[in-house]
Amino acid sequence: MGNFTSQHFNPVDDVKDMHGKVVIVTGGTGGIGLATVRHLLRKGAKVYLAARNESLATGAIARLEAEGVLKAEGAGQVEFLRLELEDPRGAQKVAEDFVKKESRLQAPHEMCADGVSKMANVNYVSHVAFTHTLVPLLQKTAREKDSDVRIVTVASTMNRMVPASTKFETFADLSPSYSNSWVSGFKRYGHSKLLQIMWSKKLQERLNTDPSAPITAIAIHPGGVDTYSHKFPLPWLSKPLVGLVLAGHEEGAYTSVFAAAGKKVAADRDTYKGVYLEHNPTGTIVVPNQVALDAERRDKLWKLTIDHLKGGLLSITYPSFGSTSIEHQSCPLLSLTLIRIFKTCTERWLSSQAESQRLPVFLLGSNFIDRRSHYSSGIGLATVRHFVRKGAKVYMASRNQSRATGAIAQLEAEGLFREQSAGSVLYHHCELNDPKEVKRSAEEFLRRETRLDVLVNNAAHYISPVVLVHTLMPLLKKTAQEAGSDVRIVNVVSYGHKLISAKGVKFDAIEDMRPQFAWSLSPWMMQYGHNKLMMVMWNIALQEKLDQDSAAPITMICLHPGAIDTFSHRTWFPVVVKWLVSFFMLEPPAGAYNSVFAAAAKKVRDNREEYKGSYLDSRPTGAIATPNPAALDRKLREDLWNVTAKFLSSIGLSIDF
Numbered sequence: 005m006g007n008f009t010s011q012h013f014n015p016v017d018d019v020k021d022m023h024g025k026v027v028i029v030t031g032g033t034g035g036i037g038l039a040t041v042r043h044l045l046r047k048g049a050k051v052y053l054a055a056r057n058e059s060l061a062t063g064a065i066a067r068l069e070a071e072g073v074l075k076a077e078g079a080g081q082v083e084f085l086r087l088e089l090e091d092p093r094g095a096q097k098v099a100e101d102f103v104k105k106e107s108r109l110q111a112p113h114e115m116c117a118d119g120v121s122k123m124a125n126v127n128y129v130s131h132v133a134f135t136h137t138l139v140p141l142l143q144k145t146a147r148e149k150d151s152d153v154r155i156v157t158v159a160s161t162m163n164r165m166v167p168a169s170t171k172f173e174t175f176a177d178l179s180p181s182y183s184n185s186w187v188s189g190f191k192r193y194g195h196s197k198l199l200q201i202m203w204s205k206k207l208q209e210r211l212n213t214d215p216s217a218p219i220t221a222i223a224i225h226p227g228g229v230d231t232y233s234h235k236f237p238l239p240w241l242s243k244p245l246v247g248l249v250l251a252g253h254e255e256g257a258y259t260s261v262f263a264a265a266g267k268k269v270a271a272d273r274d275t276y277k278g279v280y281l282e283h284n285p286t287g288t289i290v291v292p293n294q295v296a297l298d299a300e301r302r303d304k305l306w307k308l309t310i311d312h313l314k315g316g317l318l319s320i321t322y323p324s325f326g327s328t329s330i331e332h333q334s335c336p337l338l339s340l341t342l343i344r345i346f347k348t349c350t351e352r353w354l355s356s357q358a359e360s361q362r363l364p365v366f367l368l369g370s371n372f373i374d375r376r377s378h379y380s381s382g383i384g385l386a387t388v389r390h391f392v393r394k395g396a397k398v399y400m401a402s403r404n405q406s407r408a409t410g411a412i413a414q415l416e417a418e419g420l421f422r423e424q425s426a427g428s429v430l431y432h433h434c435e436l437n438d439p440k441e442v443k444r445s446a447e448e449f450l451r452r453e454t455r456l457d458v459l460v461n462n463a464a465h466y467i468s469p470v471v472l473v474h475t476l477m478p479l480l481k482k483t484a485q486e487a488g489s490d491v492r493i494v495n496v497v498s499y500g501h502k503l504i505s506a507k508g509v510k511f512d513a514i515e516d517m518r519p520q521f522a523w524s525l526s527p528w529m530m531q532y533g534h535n536k537l538m539m540v541m542w543n544i545a546l547q548e549k550l551d552q553d554s555a556a557p558i559t560m561i562c563l564h565p566g567a568i569d570t571f572s573h574r575t576w577f578p579v580v581v582k583w584l585v586s587f588f589m590l591e592p593p594a595g596a597y598n599s600v601f602a603a604a605a606k607k608v609r610d611n612r613e614e615y616k617g618s619y620l621d622s623r624p625t626g627a628i629a630t631p632n633p634a635a636l637d638r639k640l641r642e643d644l645w646n647v648t649a650k651f652l653s654s655i656g657l658s659i660d661f
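The numbers in the numbering used here rise by one with no breaks, and the one at position 452 of the sequence shown is 456.
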């Protein structure tokens, strides 16, 4: 438990020299993933930090550099490798590019970034695609003299929660719902980890058929790791208390490092081939769920995985231990359940409020589907549905094509597109966490469309929406110059921006855009509110600048959608919790009302001067409210505008207005 049982392992003395070795660590931007990277760098490895978010990865590398890890004597080097684990096709493409770039690979170390929150089948399939694409390079390295190639999969002790009756006969068996269990979420997570352990063992069996290329496959449980106490209201109190039972990031990475580079594994390879390790003490070989020990079920899982991939996701070849060529076909991922049908009151309200126009609408943060609860959760997708019903052409902008495609498929399954005067939905890739990617995404949109009538920043924090809006501004202005146009930019913010004291707000330097609020009982809530405050201030400032061009009238509106219930279905007692929160929280369909009002209501069109640069509250829908006093300070708004331009310039971007 906690920090105590990990002390049997010392990464300084018990990890072999890694100079000349190449390692991939997925999910290495934080937590035990980053700690694993740190340990391997100290031993001289060349580490590829694989993640989907370049900004987070760059930040993690900068942190390592600031810590002096990269400057230490004998330290290795670290590079970013873009990888989207939620899309198996993307995972394979990244691996193929890596093979072209590197001539050797020592240990691809799989660390799923959000294992609990993603569908088990997607996690599993992506890991299979990524690793098997790298097998030729792994085997090439393994044939070198004195090589010690390892494949480490981070699983979990929760694999033991899966019942012994588990079978693998159909695709549905890869992702059971466990809906009859009161801990269904934990079981789904445990099931995904069981798949990883079984695959690791089966992979070892296949690798063993080529003795000329010895590779060690190991699955591990890192132990209980504290990755959240710093988010509690009283982190200085909660962290030491949690530390009594959970390990910190450094100790939490010990089992991963032991499996990837431990001297003990190198000295006794045959003992560690295909094993499952736990952390009490570090590197202890233990027996996993009995299901993983059943050779017949491992064979069935392997075959089922291959058959699933044959459905058209990608092509994988297994050199030396049996070639299985998978041809490309058109087929979706594992089927998703349909989302619930909207209530008729939604249609009645929208019919009275929004105009029916086939206009292009660009919507960020609109495709979240909670696959555990079997229905859509989130006002973004609800907003899309409203627009489509009124005939709009909607661009669903997000970073995850698989989820977006799934969301569109569900809208189609609902019959939404068959309704009279229904519009259409198109996917548009947009990585909000990286401003440079946002700019490229906006430029791509400019090449696709000749007009844009409504831009809804549903995922509206600050920097990325600013870049998006200003890059799309020429097209927005062009549309606004047409006769009868009604162009709007809608930014979904939060009442939380009022938590920030106006007296302490300043924007004299870039650092003022990201205050830490270390003194607060809830720093993360204050940081969230500060982001939303900047969005409100920028909304007003941009409206003022737009008003200088009377030939291209554009309406800027920011809004608080209200308190939305997007979590009750994830709790252990969803029926009870959902009923309780319904007294003071809205469901996503109603939560989208304010967004739709701001984007398409007739009242805004008829009273444009009144709504320009306004902040709307949700009670009642479309009510103009007074924002944080800081947002009304013209000098503060100008300071924010200038420091934003300075920041964007520092990362190679500029606001051209």
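The beta-carbon is built from N, C-alpha and C at its ideal position, and this holds for glycine as well.
Should residue i go down as buried or exposed, given a rule of 16 or more other Cβ atoms within 10 Å for buried?
i	result
residue 587	exposed
residue 176	exposed
residue 580	exposed
residue 21	exposed
residue 584	exposed
residue 283	buried
residue 289	exposed
residue 274	exposed
residue 359	Any answer about residue 359 is weak, because its pLDDT of 46 lies below 50 and its placement is not dependable; what the coordinates show is given next. Counting Cβ neighbours within 10 Å, residue 359 comes out exposed, since fewer than 16 surround it.
residue 487	exposed
residue 203	buried
residue 424	exposed
Give me the Cα-Cα distance between residue i and residue j, rounded to the nearest whole angstrom.
i	j	result
residue 496	residue 595	11 Å
residue 439	residue 467	7 Å
residue 658	residue 649	6 Å
residue 479	residue 454	7 Å
residue 116	residue 642	With a pLDDT of 36 at residue 116, under the threshold of 50, the predicted position of this residue should be treated as unreliable, though the coordinate-derived value follows. In a straight line, the C-alpha of residue 116 is about 42 Å away from that of residue 642.
residue 426	residue 165	46 Å
residue 185	residue 195	13 Å
residue 485	residue 627	28 Å
residue 457	residue 79	53 Å
residue 341	residue 267	Confidence in residue 341 is poor, its pLDDT being 21 and thus under 50, which makes the residue's placement unreliable; the coordinate value appears in the next sentence. Taking the straight line from one Cα to the other gives about 47 Å.
residue 69	residue 87	22 Å
residue 507	residue 640	11 Å
residue 16	residue 417	56 Å
residue 101	residue 139	13 Å
residue 38	residue 60	11 Å
residue 421	residue 415	7 Å
residue 85	residue 609	47 Å
residue 448	residue 604	25 Å
residue 519	residue 509	10 Å
residue 144	residue 216	10 Å
By Cβ distance below 7 Å, which residues in the same chain neighbour residue i in space, the five residues on each side in sequence not counted?
i	result
residue 201	159, 163, 223, 280, 292, 296
residue 198	163, 166, 293, 295, 296
residue 629	619, 620, 621
residue 446	472, 475, 476
residue 555	485
Between residue i and chain B, is the shortest Cβ-Cβ distance under 8 Å, so that the two count as touching?
i	result
residue 219	Although the question refers to chain B, the structure presented lacks it and comprises just one protein chain.
Do the CB positions of residue i and residue j come within less than 8 Å of each other?
i	j	result
residue 53	residue 66	no
residue 205	residue 302	yes
residue 294	residue 168	yes
residue 51	residue 73	no
residue 651	residue 517	yes
residue 493	residue 589	no
residue 142	residue 153	yes
residue 226	residue 256	yes
residue 504	residue 477	no
residue 544	residue 635	yes
residue 385	residue 411	yes
residue 132	residue 260	no
Apart from the five residues just before and just after residue i, which ones in its own chain have a Cβ nearer than 6 Å to its Cβ?
i	result
residue 465	535
residue 616	547, 559
residue 631	540, 619
residue 211	219
CB-CB under 8 Å to residue i, same chain, minus the five flanking residues each way: which ones, in chain order?
i	result
residue 270	20, 152
So, do the segment 535 to 547 and the segment 494 to 508 have three or more beta carbon pairs nearer to each other than 8 Å?
-> yes
Is the segment 616 to 633 close to the segment 557 to 568, with three or more CB pairs under 8 Å?
-> yes
Would you be able to state if there are at least three C-beta pairs under 8 Å between the segment 429 to 436 and the segment 390 to 401?
-> yes
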